[in-house]
Amino acid sequence: MSLHDDAVAVLKEYTPAERREDAAPEQEELRRVYLDHLAARPDGLWKACRDAHLTASAMVIDPSGGRVLLTLHRKIRKWLQMGGHCEPGDVSLAAAALREATEESGIAGLTLLPGGPVRLDRHLTPCAWHLDVQYAALAPAGAVEAISEESLDLRWFPYAEVADVADDSVVRLLEATRARL
1 MSLHDDAVAV LKEYTPAERR EDAAPEQEEL RRVYLDHLAA RPDGLWKACR
51 DAHLTASAMV IDPSGGRVLL TLHRKIRKWL QMGGHCEPGD VSLAAAALRE
101 ATEESGIAGL TLLPGGPVRL DRHLTPCAWH LDVQYAALAP AGAVEAISEE
151 SLDLRWFPYA EVADVADDSV VRLLEATRAR L
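For the sequence shown, the UniProt record's numbering assigns the number 1 to the initial residue and increments by one for each residue that follows.
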């Protein structure tokens, strides 16, 4: 199965994890936008698709410690979950999200939370609209992070502090992730 076919299959099966009343209609609209984009653009997963492209990300979470690992993104200068562009070697969106989380956190042994993507988020970046498919990755016990060249900083935050440092999209991803736990 191609990455494009995997993305279509994942999005067709996607069900929001959030419990907010307004989450389902918003997430359903994004799911439709993503599927329409992929139907119209065979290159819709690649950075070369200049108007918009799918990206994959994962919130690294330590449920036993009640904390999440965020990166202070070098280019955007905001605290975000790990994530980025799909690459030719990625066999699935889940694999892309796990690769990005592992590369950017420096943590070996991350595992994706079962059940597929946790949330969808569309945001404008300097290169194009990112149609982000967001997963959650569980950190193994005793995980030690290592900063990558894509980050200015990498830090664990207690759940209660995420809203103080990150934007609404990250807060909503945390809410959706916690609803899935």
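Where is the CB? At the ideal position from N, CA and C, for every residue including glycine.
* To do: With a cut-off of 8 Å on the beta carbons, I'd call residue 132 and residue 120 a contact; round off their distance for me.
  => Between residue 120 and residue 132 the Cβ distance is about 7 Å, and since that is below 8 Å, they are a contact.
* Asked: If you compare alpha carbons, which of 106, 167, 109, 39 is closest to residue 76?
  -> When 106, 167, 109, 39 are compared, the shortest CA-CA separation from residue 76 is found for 167.
* Output the distance between the C-alpha atoms of residue 70 and residue 38, rounded to the nearest integer angstrom. => Going by C-alpha positions, residue 70 is about 29 Å away from residue 38.
* How about residue 69: is its Cβ closer than 6 Å to a heavy atom in the ligand NAP? -> The model depicted lacks the ligand NAP and carries no ligand whatsoever.
* To do: Kindly provide the ranges of any alpha helix (DSSP H) runs that are 4 or more residues long and lie completely inside the UniProt domain "Nudix hydrolase" (51 to 179), ordered along the chain.
  => Runs of alpha helix (DSSP H) with 4 or more residues, each lying fully within the UniProt domain "Nudix hydrolase" (51 to 179), are found at 93 to 105, 162 to 165, listed in chain order.
* Rounded to a whole number of angstroms, what is the C-alpha to C-alpha distance between residue 110 and residue 101? -> So the alpha carbons of these two residues sit roughly 8 Å apart.
* Simplified DSSP state of residue 181, which is helix, strand or coil -> Residue 181 falls in the coil class under three-state DSSP.
* Hey, quick one: how far does the alpha helix (DSSP H) through residue 25 stretch, first residue to last? -> 23 to 40 is the extent of the alpha helix (DSSP H) around residue 25.
* Asked: If you count every other CB in all the chains shown that lies within 10 Å of the CB of residue 86, and 16 or more means buried, which is it?
  -> Buried.
* How do the segment 4 to 12 and the segment 27 to 45 stand: do at least 3 beta-carbon pairs fall below 8 Å, yes or no? -> Yes: the two stretches touch, three or more of their Cβ pairs being nearer than 8 Å.
* Name the residue from 147, 128, 57, 66 whose alpha carbon lies nearest to the alpha carbon of residue 83. => Residue nearest to residue 83 within the set 147, 128, 57, 66 is 57 (criterion: CA-CA distance).
* Asked: Of the choices 150, 181, 158, whose alpha-carbon is the least far from that of residue 78?
  -> Per the Cα distances, 150.
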